[in-house]
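Shown next, in structure tokens, is the structure this report addresses.
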Amino acid sequence: MPNKLISPEVEKFAQELESILQTGRHLLVIGEGDCESIVMCSCGVDIGVYRPDVAADLIVNDWQRHSMGLPWAQSR
Ligand SMILES: [Zn+2]
């Protein structure tokens, strides 16, 4: 794993997030894929894989449905 993949600022932010994660609340995580966005929740659920032209509010809407225990689109 390359040393510079995570910036010091993000490392500090991740440490601050630890206390929030321990509460078990849902946090949206979006990662860069080859030609898509990989979307997960901090609770471990895969929200889905999204094309780059999908609007961010659709992704957030899917994640909100997951956090409310409702079904969501899974891919767009
Ligand atoms: Zn979740």
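If you're matching positions, the sequence shown starts at 6 in my numbering and goes up one per residue.
All residues carry an ideal CB built from backbone N, CA and C; glycine is no exception.
Query raised in the report: CA-CA distance, residue 59 and residue 24?
Result: CA-CA distance, residue 59 to residue 24, rounds to 31 Å.
**Report entry** Span separating the alpha-carbon of residue 10 from that of residue 52
**Finding:** Residue 10 and residue 52: Cα-Cα distance of roughly 24 Å.
Query - Cβ-Cβ distance between residue 33 and residue 48 below 8 Å - result: No, the Cβ-Cβ distance between residue 33 and residue 48 is not below 8 Å.
Query raised in the report: Should residue 62 be labelled buried (16 or more other beta-carbon atoms within 10 Å of its own) or exposed?
Result: With fewer than 16 other Cβ atoms inside 10 Å of its own Cβ, residue 62 counts as exposed.
**Report entry** Candidates 30, 37, 16, 26, of which the one nearest residue 56 by Cα
**Finding:** For the residues 30, 37, 16, 26, the minimum Cα distance to residue 56 belongs to 37.
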